[in-house]
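Chemist: All letters in the sequence shown, in the order written, are residues -27 to -1, 1 to 385 by mature numbering (1 follows the signal peptide of the UniProt record, and there is no 0). Mind looking over this structure? Questions follow.
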Amino acid sequence: MPWGLARVAALALVAVIVGGAAPQSTAAPQSAPHGAPHGAPQGAAPSAAGRGEGWTHDGFDAGNSGYNPGERGINAGSVGRLRQRWAVTPAAGAEGCAPALPPPLVAGGRVYILDGEGVTALDAATGRRIWRDPEILDSADFRTLVVSDGLLIVAGTSCYANSDPDGHLYALDAATGARRWHVVQEPPVNELVVDAGTVVASGWATMTNEDTVIAYRGRDGGRRWSRAGAVLAGPVSAAGRVLLHDAHGTAAVTVGGGRELWRTKVRWTPRAASGDRFVAVPDPVGQGDLTGLVAIRAGDGGIAWRRPGTAEDVAIDGRRVYAAAGGTLTALHAGRGTRLWSRTLPGAVGRPVRAGGLLYVTVEGRPLRILSPVTGGDVPGAGRFDHASGHAVVTGGRLYLTDGSTLRMYGP
């Protein structure tokens, strides 16, 4: 598609409300605040029923745990009564750049989605648009969102500047969409952690020919610390600590100040964290025969337990670690690493999610599976949800699923 047509198409948002018309903002147009998205109604209040829910990182929290301990609305007794309440299909971004529609974030009664080359906030209960910034992610191929301290942090890297791409970090007012700060950094953003009031981004800078990690204050975008020759090992923070890869292995540093706490020659890649423990696998490059899934103490780098095998995606709820690899899902004791149960499913297993006493698992080409986290068995009468890729988002008594192009919300 020609660039001009792709850009026009990216500004269209197609939405369908079950049993109703396409969603439009219920708020009357107001004069936009400085830096706010042009033409979008500002400050529309979310539905009261949606307040108090939250899924602020792709993996629920800064630990990438995939576990929502506060979910009360959906459980084994109510999940079978869920029905689709609305669906939204954002237009694709520039051809060849925008990835598939990822799972949304949810905070303060609002749902945040990537919309073509922009970001849209929807009312969680109705799917109606609250605000929209249509151009903030101009032709970005790496795109991620985090909600923190009333701000929506948006990170992206242009896919058209392959020889020397810049990284872009924006902070938007989560309620209105007004732009609060914007940082352009020479290394592209290939990984992001937001924790303890700090935004940590990393990427490989072509100008200096090395990896670089830069940390910014969340409130205003001011630089806090940086480290050349290192990169975030994964999008995971454990008790305010992150793991970095460098030429000498892995270093654990504090999120807020970048102070090194310990290091090891092994290049550990964290999958998730709970409390002060990382759950990690060895980096596949340069580790020889070293394999296995390990629990690492964030404070001193000690190995709490080690299990054979690997994990592509992990969720951890404090009691159990749920490890997905290929078509197999395995539950381990979080404290000892012993195997509790294992299931072979009919397709590649996606990211597991724990919420409300249930375990949600996407299976490639299949409906969503809803399991007992205790036994791994299917939950009777859980209903059928055909449109599921990536991972489920469960919060505030609502289930959100994306099939890569359309976001659907299921509620009572």
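Cβ coordinates follow ideal geometry from the N, Cα and C atoms, glycine included.
Where does residue 89 sit, in a helix, a strand or coil, going by DSSP?
Modeler: Position 116 of the sequence shown, counting from 1, holds the residue named residue 89. It is coil, neither helix nor strand.
Chemist: With a threshold of 16 other CB atoms inside 10 Å of the CB of residue 327, please say whether the residue is buried or exposed.
Modeler: In the sequence shown, counting from the first residue as 1, residue 327 sits at position 354. Residue 327 comes out buried.
Chemist: Give me the Cα-Cα distance between residue 300 and residue 74, rounded to the nearest whole angstrom.
Modeler: For the purposes of this step, residue 300 is taken as the residue at position 327 of the sequence shown. For the purposes of this step, residue 74 is taken as the residue at position 101 of the sequence shown. Cα to Cα, residue 300 sits roughly 23 Å from residue 74.
Chemist: Mind checking whether residue 126 and residue 158 have CB atoms under 7 Å apart?
Modeler: Looking up residue 126 in the sequence shown gives position 153. Looking up residue 158 in the sequence shown gives position 185. Taking 7 Å as the Cβ cut-off, residue 126 and residue 158 do not qualify as a contacting pair.
Chemist: Can you list, in chain order, the stretches of the beta strand (DSSP E) that have 3 or more residues and sit fully within the region 43 to 78?
Modeler: Counting only runs of 3 or more, we get 56 to 63.
Chemist: Where does residue 337 land, buried or exposed, given buried means 16+ other C-beta within 10 angstroms?
Modeler: Taking the sequence shown and counting its residues from 1, one reaches residue 337 at position 364. Residue 337 comes out exposed.
Chemist: Measure how close the beta-carbons of residue 231 and residue 190 come, nearest whole angstrom, since I'm counting them as under 8 Å.
Modeler: Locating residue 231 in the sequence shown gives position 258, where the first residue counts as 1. Locating residue 190 in the sequence shown gives position 217, where the first residue counts as 1. Wrong, their Cβ atoms sit about 13 Å apart, outside the cutoff.
Chemist: Taking residue 63 and residue 89 to be in contact with their CB atoms under 8 Å, please state how far apart those CB atoms are, rounded to whole angstroms.
Modeler: Stepping through the sequence shown from its first residue, residue 63 is reached at position 90. Stepping through the sequence shown from its first residue, residue 89 is reached at position 116. Contact flag correct, Cβ pair sits at about 6 Å.
Chemist: Taking Cβ positions, are residue 362 and residue 335 nearer each other than 7 Å?
Modeler: Locating residue 362 in the sequence shown gives position 389, counting from the first residue. Locating residue 335 in the sequence shown gives position 362, counting from the first residue. Against a cut-off of 7 Å, the Cβ pair of residue 335 and residue 362 comes out as a contact.
Chemist: Are the CB atoms of residue 271 and residue 178 nearer to each other than 7 Å?
Modeler: On the sequence shown, residue 271 is found 298 positions in, with the first residue counted as 1. On the sequence shown, residue 178 is found 205 positions in, with the first residue counted as 1. Their beta carbons are not under 7 Å apart, which means residue 271 does not touch residue 178 by this criterion.
Chemist: Tell me which residues share the same chain as residue 117 and place their Cβ nearer than 6 Å to its Cβ, disregarding the 5 neighbours each side in the sequence.
Modeler: Taking the sequence shown and counting its residues from 1, one reaches residue 117 at position 144. The answer, listed in chain order, is 128 and 165.
Chemist: Using DSSP with H/G/I as helix, E/B as strand and the rest coil, what is residue 182?
Modeler: Position 209 of the sequence shown, counting from 1, holds the residue named residue 182. Three-state result, residue 182: coil.
Chemist: Which residue's Cα is closest to the Cα of residue 206: 379, 377 and 37?
Modeler: Reading the sequence shown from its first residue, position 233 is the one you call residue 206. Taking only the C-alpha atoms, the option nearest residue 206 is 37.
Chemist: Reducing DSSP to helix, strand and coil, say where residue 358 ends up.
Modeler: What you label residue 358 is simply residue 385 of the sequence shown in a count that begins at 1. It is coil, neither helix nor strand.
Chemist: State the Cα-Cα distance for the pair residue 153 and residue 359, rounded to the nearest angstrom.
Modeler: Looking up residue 153 in the sequence shown gives position 180. Looking up residue 359 in the sequence shown gives position 386. Near 39 Å, if we compare the C-alpha coordinates of residue 359 and residue 153.
Chemist: Quick one: what's residue 243 bridged to in DSSP?
Modeler: Start at 1 with the first residue of the sequence shown, and residue 243 comes out as number 270. Per DSSP, 253.
Chemist: Looking only at its chain, what residues have a beta carbon closer than 8 Å to the beta carbon of residue 348, apart from the 5 residues adjacent to it on each side?
Modeler: What you label residue 348 is simply residue 375 of the sequence shown in a count that begins at 1. Around residue 348: 314.
Chemist: Please list, in chain order, all residues of the same chain as residue 195 whose beta carbon is under 8 Å from its beta carbon, the five residues on each side excluded.
Modeler: Walking along the sequence shown from the start, residue 195 turns up at place 222. Closer than 8 Å at Cβ, skipping near neighbours: 189.
Chemist: Expressed to the nearest angstrom, what Euclidean distance is found between the alpha-carbon atoms of residue 248 and residue 364?
Modeler: Here residue 248 refers to the residue found at position 275 when the sequence shown is read from its first residue. Here residue 364 refers to the residue found at position 391 when the sequence shown is read from its first residue. So the alpha carbons of these two residues sit roughly 22 Å apart.
Chemist: Look up residue 128 in the DSSP assignment and say whether it is helix, strand or coil.
Modeler: If you number the sequence shown from 1, residue 128 lands on position 155. The answer is strand: DSSP assigns residue 128 an E or B state.
Chemist: Have a look at 60, 40 and 41 and flag the residue whose alpha-carbon is nearest the alpha-carbon of residue 379.
Modeler: Your numbering for residue 379 matches position 406 in the sequence shown. Comparing Cα positions, the closest option is 60.
Chemist: Consult DSSP for residue 337 and reduce its assignment to one of helix, strand or coil.
Modeler: Here residue 337 is taken as the residue at index 364 of the sequence shown, counted from 1. In this structure, residue 337 counts as coil in the three-state DSSP scheme.
Chemist: The beta strand (DSSP E) with residue 222 in it runs from where to where?
Modeler: The count along the sequence shown starts at 1 and reaches residue 222 at position 249. Element bounds for residue 222: 222 to 227.
Chemist: Spatial neighbours of residue 383 within its chain, please: C-beta separation below 6 Å, excluding the five flanking residues on both sides.
Modeler: The residue you call residue 383 lines up with position 410 of the sequence shown. Excluding residues within five positions, the ones whose Cβ falls inside 6 Å are 55, 57 and 372.
Chemist: Residue 29 and residue 162: beta carbons closer than 7 Å?
Modeler: Position 56 of the sequence shown holds residue 29. Position 189 of the sequence shown holds residue 162. Contact flag unset, no.
Chemist: Let me make sure I understand the geometry here. Which of 213, 237, 160 and 193 has the alpha-carbon closest to that of residue 204?
Modeler: The residue you call residue 204 lines up with position 231 of the sequence shown. Minimum Cα distance to residue 204 is reached at 160.
Chemist: Using DSSP with H/G/I as helix, E/B as strand and the rest coil, what is residue 345?
Modeler: Residue numbering aside, residue 345 sits at position 372 when the sequence shown is read from its first letter. Looking at residue 345 - three-state DSSP - the assignment turns out to be coil, as it is neither helix nor strand.
Chemist: Please go through the same chain and pick out, in chain order, the residues whose beta-carbon is closer than 8 Å to the beta-carbon of residue 340, but skip the five residues on each side of it.
Modeler: By 1-based counting over the sequence shown, the position of residue 340 is 367. So the list reads 357, 358, 359 and 361, once near-sequence residues are dropped.
Chemist: With a Cβ-Cβ cutoff of 7 Å, do residue 209 and residue 246 count as a contact?
Modeler: Residue mapping note: residue 209 aligns to position 236 of the sequence shown, counting from 1. Residue mapping note: residue 246 aligns to position 273 of the sequence shown, counting from 1. Contact: yes.
Chemist: Does the distance from the CB of residue 43 to the CB of residue 32 come in under 7 Å?
Modeler: As a working mapping, residue 43 is identified with position 70 in the sequence shown. As a working mapping, residue 32 is identified with position 59 in the sequence shown. Going by C-beta atoms, residue 43 is not nearer than 7 Å to residue 32.
Chemist: From the DSSP output, in three-state form, read off residue 377 for me.
Modeler: Position 404 of the sequence shown, counted from the start, is the residue given in the question as residue 377. Coil.
Chemist: Enumerate in chain order the residues of its own chain whose CB-to-CB distance from residue 385 is below 7 Å, with the five nearest sequence positions on each side excluded.
Modeler: Along the sequence shown, read from residue 1 onward, the residue named residue 385 stands at position 412. Taken in chain order, the residues that qualify are 51, 54, 55 and 370.
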